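J.: Read top to bottom, the protein sequences are chains A and B. Quick note: to get the working numbering, add 373 to the position in the first sequence (first position is 1). Quick note: to get the working numbering, add 373 to the position in the second sequence (first position is 1). Here a beta-carbon is modelled for each residue, glycine too, at the ideal position from N, C-alpha and C. Computed from a prediction, not measured in an experiment: that's the story for all the values here. Before we start, here is the structure in question, set down as structure tokens.
There are 2 protein chains.
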Amino acid sequence: MMVLITYDVETATPEGRRRLRRIAKHCLNYGQRVQNSVFECLVDPTQFKQLKQKLETEMDPAKDSLRYYLLGANWKKRVEHVGAKEGYDPEGVLLL
Amino acid sequence: MMVLITYDVETATPEGRRRLRRIAKHCLNYGQRVQNSVFECLVDPTQFKQLKQKLETEMDPAKDSLRYYLLGANWKKRVEHVGAKEGYDPEGVLLL
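Written out as structure tokens, the structure is:
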């Protein structure tokens with residue numbers, strides 16, 4: 374199933390940027406980065422559970438917000454993109 | 374239907390922050406801000422079309438990325454939240 378993961382973190386601090394890099398690294402094992410802090414991950418239920426555990430270990434729950442949207446199997450017809458950066462380059466310059 | 378809107382913009386610049394404020398203002402007519410640049414909007418097809426037109430006028434398509442995820446009617450069971458800021462305060466401090 375496709376899971377959309379949105380991560381809200383303070384990227385003005387080095388700690389926040391480091392958490393975002395780590396969150397991104399885990400998400401990229403299962404999918405792609407579509408915006409600076411938005412990831413589309415294709416996982417089965419076991420992988421999803423493992424991924425959640427990793428992300429929730431990396432995040433700072435007092436400061437950051439992590440949301441999961443289960444898009445199901447027919448997810449492609451549910452997504453529309455406008456503007457720059459379709460297919461976000463995870464190795465690109467991190468927006469500050 | 375519920376539409377999730379994710380907006381990727383360079384908030385290090387005053388222009389980017391202004392575009393985010395304007396995007397947020399339009400989205401808040403139809404729903405709530407759940408993260409700094411993530412909005413959940415409840416719209417019918419006509420409203421969705423109008424909202425898209427407004428957002429795509431405000432955005433800078435060369436710099437910003439705007440994604441729409443159609444979550445359908447049973448959207449509540451598709452969403453999970455972890456960490457801070459459930460129910461983002463749109464009048465709160467803008468994260469830079």
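Could you tell me whether the Cβ atoms of D417 of chain B and V382 of chain B are closer together than 8 Å?
T.: No, they are not a contact pair.
J.: Given a threshold of 16 other Cβ atoms within 10 Å of its Cβ, counted over all protein chains shown, does E335 of chain A qualify as buried or as exposed?
T.: No answer is possible for residue 335 of chain A: it lies beyond the span of chain A, which begins at 374 and ends at 469.
J.: For a cutoff of 8 Å on Cβ pairs, would you count P434 of chain A as touching chain B?
T.: Answer yes: the Cβ-Cβ gap between P434 of chain A and chain B drops below 8 Å somewhere.
J.: Compare the C-beta of A457 of chain B with all C-beta atoms of chain A and state if any pair is closer than 8 Å.
T.: Yes, A457 of chain B lies at the interface with chain A (some Cβ there is under 8 Å from its Cβ).
J.: Counting beta carbon pairs with one atom in the segment 420-427 of chain A and one in the segment 380-394 of chain A, are three or more of them shorter than 8 Å?
T.: Flag = no, the segment 380-394 of chain A and the segment 420-427 of chain A do not touch.
J.: Return no unless some Cβ of chain A is closer than 8 Å to the Cβ of E429 of chain B.
T.: Yes - at least one Cβ of chain A is within 8 Å of the one on E429 of chain B.
J.: Would you report the Cα separation of K425 of chain B and L428 of chain A, rounded to the nearest angstrom?
T.: Going by the C-alpha atoms only, they are around 32 Å apart.
J.: CB-CB under 6 Å to G389 of chain A, same chain, minus the five flanking residues each way: which ones, in chain order?
T.: Closer than 6 Å at Cβ, skipping near neighbours: V382, E383.
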